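A short worksheet on the structure shown next.
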Amino acid sequence: MKKGASYGLLTALVTIVILVAIKIQHEHLKMESRWMRFTPIKRANKHWDGLPRGIMESTSDMELKHLWKTSRFNSINVNITVLLAIAVGIKQKHNVNTIVRKFHLVNCSVMLFHYDGNVDEWRDLEWNDRAIHILAYNQTKWWFAKRFLHPDIVSIYDYIFLWDEDIGVENFHPERYLQIMISEGLEISQPALDPDSSEIHHRITIRNKATKVHRRVTYRGSLNCSSESRGPPCTGWVEGMAPVFSRAAWHCVWLLIQNDLIHGWGLDMKLGYCAQGDRTRKVGVIDSEYIIHQGIPSLGGTSANKQLSHHRSPEQMTIKARSDRSVDLRSQIRRQSTAELEIFRRRWDQAVREDEEWTDPFHHHKRKRRAS
Numbered sequence: 001m002k003k004g005a006s007y008g009l010l011t012a013l014v015t016i017v018i019l020v021a022i023k024i025q026h027e028h029l030k031m032e033s034r035w036m037r038f039t040p041i042k043r044a045n046k047h048w049d050g051l052p053r054g055i056m057e058s059t060s061d062m063e064l065k066h067l068w069k070t071s072r073f074n075s076i077n078v079n080i081t082v083l084l085a086i087a088v089g090i091k092q093k094h095n096v097n098t099i100v101r102k103f104h105l106v107n108c109s110v111m112l113f114h115y116d117g118n119v120d121e122w123r124d125l126e127w128n129d130r131a132i133h134i135l136a137y138n139q140t141k142w143w144f145a146k147r148f149l150h151p152d153i154v155s156i157y158d159y160i161f162l163w164d165e166d167i168g169v170e171n172f173h174p175e176r177y178l179q180i181m182i183s184e185g186l187e188i189s190q191p192a193l194d195p196d197s198s199e200i201h202h203r204i205t206i207r208n209k210a211t212k213v214h215r216r217v218t219y220r221g222s223l224n225c226s227s228e229s230r231g232p233p234c235t236g237w238v239e240g241m242a243p244v245f246s247r248a249a250w251h252c253v254w255l256l257i258q259n260d261l262i263h264g265w266g267l268d269m270k271l272g273y274c275a276q277g278d279r280t281r282k283v284g285v286i287d288s289e290y291i292i293h294q295g296i297p298s299l300g301g302t303s304a305n306k307q308l309s310h311h312r313s314p315e316q317m318t319i320k321a322r323s324d325r326s327v328d329l330r331s332q333i334r335r336q337s338t339a340e341l342e343i344f345r346r347r348w349d350q351a352v353r354e355d356e357e358w359t360d361p362f363h364h365h366k367r368k369r370r371a372s
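Take the sequence shown: its letters are residues 1 to 372, numbered as in UniProt numbering.
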């Protein structure tokens, strides 16, 4: 009887050990699959054993090449330093043309992400044939950037301008802007916004007429920002509509962009982690070269057709219905953006908890603020 009981107990213990081992292996596989989303796969050497080292080209660029010596493309200096990438729709063609022409004095490649499917109507622009055009319906600039601006592809560029299409550049000069960014040691920046003509969401983006660059804002309100503030949105922060990244910063930012969260909400609060050092010094807003943010809705439709008369024909009623659908789409997009923000925050918190080897470089600032 005792022998049978001992055998049963031994069997139970063995079963428990096996179940624990299976659970540990399952958790390990879950961790591996989660990190596979962020970590490039290291292939075994056998995949390129057939090639001599000197023939392997690990990077690329966006420079258009001549098909023959008499190609009508102008020769481009190999020392291209800037990539200007904009998500565009045909309704903003005139404004985008103005932006691109501002960059003609800079060694610059231009990439247009067409979210409305209309590529042909850009052909009359002088610079059109020198630009790279990528088409995908109803996608955001963050969706395009994640898929087409991989760090290995854009590694020859010193700076990446990832801009919206509704930027006014009358008072902006790229060459001066870059000189300031370099001299100030900025890795991530944006032009300041003209408060008289721009849609303002955050005070730190407002132009300070008395300075060339500012890195922080101070004010009292729902969020108090002081000279002691050490994090966003008081310092170490830029907005997502007109950011400029150094090569090193972009390598980090590209990894931060989530493949499935296409609206980019929440990214701005974490960009400082990609500043290659102290975000309060290496992230800034450049005041002397400023822009206008027009705040024009694009994806999901616009608020056009508001001025229809009260006496509408059947055709006008159809237009009104389309406009109403556009407004409804905009509200749906905003709800989706808000949901993505919450998902992004949860992912960040989970990643921080699970990566035991990672240390938050700004954690001591948080503790200091709580203590005060």
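Note that beta-carbon positions come from the ideal geometry of N, C-alpha and C, so glycine has one too. Only a predicted model underlies this, so the values are computations on that prediction, with no experimental measurement involved.
So which of the options has the shortest CA-CA distance to residue i?
i, options, result
"residue 144", "115, 172 and 93", "115"
"residue 266", "290, 344 and 129", "344"
"residue 218", "210, 212, 211 and 227", "227"
"residue 147", "111, 353 and 222", "111"
"residue 211", "200, 222 and 180", "180"
"residue 120", "104, 103 and 88", "88"
"residue 188", "269, 54 and 59", "269"
"residue 166", "86, 225 and 274", "86"
"residue 117", "90, 107 and 245", "90"
Which value, in whole angstroms, describes the spacing of the CA atoms of residue i and residue j?
i, j, result
"residue 65", "residue 113", "20 Å"
"residue 176", "residue 289", "8 Å"
"residue 358", "residue 130", "43 Å"
"residue 92", "residue 191", "20 Å"
"residue 123", "residue 135", "15 Å"
"residue 346", "residue 252", "19 Å"
"residue 335", "residue 126", "39 Å"
"residue 97", "residue 52", "45 Å"
"residue 328", "residue 101", "35 Å"
"residue 178", "residue 203", "23 Å"
"residue 254", "residue 151", "7 Å"
"residue 352", "residue 256", "13 Å"
"residue 81", "residue 99", "17 Å"
"residue 292", "residue 50", "54 Å"
"residue 183", "residue 95", "29 Å"
"residue 9", "residue 356", "37 Å"
"residue 103", "residue 233", "29 Å"
"residue 161", "residue 174", "10 Å"
Once you ignore the five residues that flank residue i on each side, which residues in its own chain have a CB closer than 6 Å to its CB?
i, result
"residue 156", "61"
"residue 132", "62 and 111"
"residue 272", "236, 279 and 283"
"residue 348", "none"
"residue 248", "276"
"residue 59", "152 and 155"
Using a Cβ-Cβ cut-off of 7 Å, state whether residue i counts as contacting chain C.
i, result
"residue 253", "The structure shown has no chain C; it contains just one protein chain."
Go through its chain and collect everything with a Cβ distance to residue i's Cβ below 8 Å, but skip five positions before and after it.
i, result
"residue 16", "none"
"residue 185", "281 and 282"
"residue 209", "287"
Looking only at its own chain, which residues have a Cβ that is under 7 Å from the Cβ of residue i, when we skip the five neighbours before and after it?
i, result
"residue 206", "192, 193, 195 and 200"
"residue 169", "98, 99, 102 and 291"
(message) Three Cβ pairs or more, each shorter than 8 Å: is that satisfied between the stretch 244 to 262 and the stretch 336 to 355?
(response) yes
(message) Which complete beta strand (DSSP E) runs does the stretch 221 to 294 hold, if anything under 3 residues is left out?
(response) 244 to 246 and 283 to 293
(request) Please determine if the stretch 268 to 284 and the stretch 237 to 246 are in contact, where contact requires at least 3 C-beta pairs separated by less than 8 Å. (result) yes
(request) May I have a chain-ordered list of the beta strand (DSSP E) segments no shorter than 3 residues that lie completely inside the stretch 124 to 201? (result) 132 to 135, 159 to 163 and 188 to 193
(message) Threshold first: 3 residues or longer. Then list the beta strand (DSSP E) segments lying entirely within the stretch 86 to 125, N to C.
(response) 108 to 114
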